[in-house]
Amino acid sequence: MGGAPTTPPSASSAPHRQPSYPAAQEISSHLILQPPLSRRGKGPGLILVLDHYALIAKSEKHLDPPPLQKWAEEGFCVVQVLVPGKVEDGGEFPLQRALDVLKGCEGCEFGNGVGVISYISRLPYYVEEAVCLTPDIKALVSYGGRKVTTLNESVASIPPQLVHIAGPDVPRRESISIAPDLARAPPSGIVKSYRYEDAKKDSGWILPSDEDYHKRSAGIAHTRSLMFLKPLLNGPFFDLEAVWDEHCKFEFAERDVEKTMATMVDQPYVNHIPTLTGGIGKDRLTSFYTHHFVFSNPPDTALSLVSRTVGIDRVIDEFVFSLTHTKMVPWLLPGIPPTGKKLEIPFTSVVALRGDRLCHEHISWDQATALQQLGVLPEYVKFPYQIEGADPPQGKRFEIPLPVAGAETSRKLVDEGSEVSNKLMDKVWRVVDDI
9 MGGAPTTPPS
19 ASSAPHRQPS
29 YPAAQEISSH
39 LILQPPLSRR
49 GKGPGLILVL
59 DHYALIAKSE
69 KHLDPPPLQK
79 WAEEGFCVVQ
89 VLVPGKVEDG
99 GEFPLQRALD
109 VLKGCEGCEF
119 GNGVGVISYI
129 SRLPYYVEEA
139 VCLTPDIKAL
149 VSYGGRKVTT
159 LNESVASIPP
169 QLVHIAGPDV
179 PRRESISIAP
189 DLARAPPSGI
199 VKSYRYEDAK
209 KDSGWILPSD
219 EDYHKRSAGI
229 AHTRSLMFLK
239 PLLNGPFFDL
249 EAVWDEHCKF
259 EFAERDVEKT
269 MATMVDQPYV
279 NHIPTLTGGI
289 GKDRLTSFYT
299 HHFVFSNPPD
309 TALSLVSRTV
319 GIDRVIDEFV
329 FSLTHTKMVP
339 WLLPGIPPTG
349 KKLEIPFTSV
359 VALRGDRLCH
369 EHISWDQATA
379 LQQLGVLPEY
389 VKFPYQIEGA
399 DPPQGKRFEI
409 PLPVAGAETS
419 RKLVDEGSEV
429 SNKLMDKVWR
439 VVDDI
């Protein structure tokens, strides 16, 4: 990091370089094309099927983007279809027109087929028939809780399906079916399902603008959809490690806020959980990086990787964050003036990516060990409760040891045998004069 700037740029510096985002193209009132929003700019085709009354505008409450933008940021070439469609669009479900739009888009890698994602609770039969009769459809995802079926005997097989089911599993009584003989139905491909008990059944739980949006369930479901779709459509696959390492290089080595932000999606966020610091959205995160992070880290700041796990859309690191506390570090030690102490803190980062750009960072560490290494924590603190059903004697108070360790926590993260286990368990509470 030698030679890296340690002060933020002046107000006259060049403006933040925005990533390139191709605009969505309105094909008709019910069809919209969004080319890939990845840096690569090419990817497999996806068709999103939504009710014409679905709440798909950008949310004012949640940072998560609408489906069209989100899947394009994942690197797919996306056509959004609102149903029922109009005659001039190609009928109630203009699947062929949507496919033709994808074929004609320079950013669509059509050769491996197309995926269909339904956001409709009760999928109309004309949608089911169309996707089952179209050989270009290689994967089906439903957020409506029901798998695609058909009794059309001309259908050879139904593509593999992923079904997301909202709401708790409610037992139902057996009843006699008067439906046609399902033995005549075409064979189905793989059908995989997941249930989200905290999400509301038959609702817009997956849509950020819907009042029933359930952020936690929606996030897990999105990752599972990526895991399902990418192998079937042969991508898009990205080197997530390389993207994360590039981001860290700009952040810590080059200390360049503009380059750092250019590795992220349109509206990212960073959450340092122990100190509640970071930034939500492009403008606030840029300000946070500029004034409280990139130029606030001491010159000897270093990250030593201990382990790394790479998933379909995230990188999870264990690492030791080390620095000498020679200056205020507001994101890590807010309000604490420089102490000159050397710190070695075990960290965990969960970095989510959307396509080949970061979308958010969840960074965690043990704040107690940081304060312990600074020498600002007492060994014992007052215990304001009864112990074994009794108060302390008159003029006395209970004290308990703080179960906190110092730099040995980082050493034990790196080498499990470097420190004796269970030492803190030997400490006990005590009774002292209440002075």
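Its first residue numbered 9, the sequence shown is counted upward by one per residue in this note's numbering.
Note that the Cβ used here is the ideal one computed from N, Cα and C, for glycine as well.
Below 8 Å on the Cβ atoms is my guess for residue i versus residue j; work out the distance and round it to an integer in Å.
i	j	result
Gln380	Ala413	7 Å
Gly153	Ala174	6 Å
Glu205	Pro176	5 Å
Val109	Leu141	19 Å between Cβ atoms; not a contact.
Pro244	Gly51	4 Å
Tyr388	Pro409	6 Å
Gly397	Asp442	Rounded, the Cβ-Cβ distance is 19 Å, inconsistent with contact.
His60	Pro92	7 Å
Val328	Glu259	With a Cβ gap of about 17 Å, Val328 and Glu259 do not count as contacting.
Leu215	Tyr127	7 Å
Val265	Thr231	Contact flag wrong, Cβ pair sits at about 29 Å.
So residue i is in the alpha helix (DSSP H); what residue range does that whole segment cover?
i	result
Gln375	Gln375 to Leu382
His172	Unbroken run through His172 is the beta strand (DSSP E), Gln169 to Ala174; no alpha helix (DSSP H).
Pro239	Lys223 to Leu241
Ser295	Lys290 to Phe296
Tyr61	Taken as a continuous stretch (DSSP letters only), Tyr61 belongs to no alpha helix (DSSP H), as it is neither H nor E.
Glu416	Glu416 to Val422
Leu136	The amino acid at residue 136 is misidentified as Leu; the sequence shows Glu. Its alpha helix (DSSP H) spans residues Tyr133 to Leu141.
Leu248	Leu248 to Cys256
Comparing alpha-carbon positions, which option in the options lies nearest residue i?
i	options	result
Gly121	Leu148, Arg130 and Val135	Leu148
Asp55	Glu81, Ala65 and Cys85	What sits at residue 55 in the sequence shown is Ile, not Asp. Ile55 has its Cα closest to that of Cys85, out of Glu81, Ala65 and Cys85.
Ile125	Gln275, Phe355, Leu90 and Asp308	Leu90
Leu237	Gln88, Cys113, Ala207 and Gly83	Gly83
Glu81	Thr347, Arg362, Ile408 and Asp434	Arg362
Ile4	His333, Lys350 and Glu100	Outside the shown range of the chain, which is 9 to 443, sits residue 4, and nothing can be said about it.
Ser67	Leu432, Gln77 and Leu58	Gln77
Lys209	Arg130, Val439 and Asp423	Arg130
Val439	Tyr393, Ala415 and Lys431	Tyr393
Ala62	Leu331, Glu117 and Trp213	Trp213
Tyr29	Arg48, His38 and Leu39	Arg48
Leu107	Pro143, Ala229 and Pro92	Pro143
Phe101	Asp72, Val135 and Ile128	Val135
Gly383	Asp399, Ile395 and Ala415	Ala415
Gly227	Tyr151, Lys257, Thr268 and Arg292	Tyr151
Val57	Pro132, Phe246 and Glu114	Pro132
Leu311	Glu352, Lys94 and Asp364	Glu352
His222	Ala207, Ser211, Leu234 and Ser233	Ala207
In terms of residue numbering, what span does the beta strand (DSSP E) encompassing residue i cover?
i	result
Tyr277	Met272 to His280
Glu407	Lys404 to Pro409
Arg316	Ala310 to Val318
Val124	Val122 to Ser126
Lys146	Ile145 to Ser150
Leu361	Lys350 to Arg362
Glu326	Arg322 to Thr332
Asp441	Arg438 to Asp441
Val34	What sits at residue 34 in the sequence shown is Glu, not Val. Per DSSP, Glu34 belongs to the beta strand (DSSP E) from Gln33 to Ser36.
Leu39	Leu39 to Gln42
Tyr388	Tyr388 to Lys390
Going along the chain, which residues of its own chain have a beta-carbon closer than 6 Å to the beta-carbon of residue i, five neighbours each way excluded?
i	result
Gln448	There is no way to answer for residue 448, as the model of the chain reaches only from 9 to 443.
Asn242	Asn120
Ser450	Missing from the structure shown is residue 450; the chain here goes from 9 to 443 and no further.
Ile371	His280 and Ser357
Thr417	Pro354 and Thr377
Trp79	Leu54 and Val86
Ser315	Glu326
Gly425	none
Arg105	Gly98
Lys155	Gln169, Val171 and Val199
Gly123	Leu54, Ala147, Leu237 and Leu241
Leu190	Bear in mind that a pLDDT of 47 at Leu190, under 50, signals an unreliable position, so the model cannot answer this.
Leaving aside the five residues before and after residue i along the sequence, list all residues of the same chain whose C-beta is less than 8 Å from its C-beta, in chain order.
i	result
Pro342	Thr283 and Thr285
Ala187	For Ala187, the pLDDT reaches just 47, beneath the cut-off of 50, and the residue's location in the model is therefore unreliable, leaving the point undetermined.
Pro239	none
Ala65	Pro74 and Ser217
Glu249	Arg316, Val318 and Val323
Leu366	Val251, Trp252, His255, Thr271, Met272, Val273, Pro276, Val359 and Ala360
Gly348	Thr332, His333 and Thr334
With a threshold of 7 Å on Cβ separation, who are the neighbours of residue i within its own chain once the five nearest residues in sequence on each side are excluded?
i	result
Pro167	Ile145, Lys146, Ala147, Leu148 and Gly197
Asp308	Leu331 and Thr332
Cys116	Gly53, Cys85 and Leu110
Glu427	Glu416, Arg419 and Lys420
Arg203	Ile173 and Asp177
Using a Cβ-based criterion (distance less than 7 Å to any ligand heavy atom), does residue i qualify as near the ligand MG?
i	result
Thr347	The ligand MG is not among the ligands present in this structure, which contains no ligands whatsoever.
Pick out the complete beta strand (DSSP E) segments inside the segment 66-107, 3 residues or longer, and give them in chain order.
-> 85-91
Entirely enclosed beta strand (DSSP E) segments - the segment 193-218, minimum 3 residues | 199-204
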